[in-house]
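In our numbering, the protein residues as written are 144 to 244.
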């Protein structure tokens, strides 16, 4: 059932084993280079344009998640399409930035 999806996802992904209290607050300060941040900003309005619930607040949360990911994994960085994957996880998590990342 849909109400259990996020719980199952977190369990199967190993979230509980990897979770460290305070880790999100520490990494949330990280930012990618200017070019990467611009690419992320450009894709925000293209993310789920027909989903009414994907409002400016969720776009801001998505930008934060993508910027943190790109700065944590510079060898991966950001590429077009990551916005949809992260956006889906953001919506599935009940819009928890910490859980999405």
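Note that the Cβ used here is the ideal one computed from N, Cα and C, for glycine as well.
For residue i, which of the options has the nearest alpha-carbon?
i           : options               : result
residue 108 : 201, 166 and 226      : The requested residue 108 does not occur in the structure, where the chain is confined to residues 144 to 244.
residue 199 : 208, 209, 157 and 188 : 188
residue 177 : 235, 228, 217 and 149 : 217
Could you check if residue i is buried or exposed, using at least 16 other CB atoms within 10 Å of its CB as the buried criterion?
i           : result
residue 230 : buried
residue 154 : exposed
To the nearest whole angstrom, what separates the beta carbons of residue i and residue j, a pair I think is in contact under 8 Å?
i           : j           : result
residue 183 : residue 209 : 5 Å
residue 204 : residue 233 : 6 Å
residue 149 : residue 236 : 6 Å
Are the Cβ atoms of residue i and residue j separated by less than 9 Å?
i           : j           : result
residue 211 : residue 180 : no
residue 175 : residue 224 : no
At what residues does the alpha helix (DSSP H) containing residue i begin and finish?
i           : result
residue 167 : 166 to 170
residue 156 : 148 to 156
residue 203 : 199 to 215
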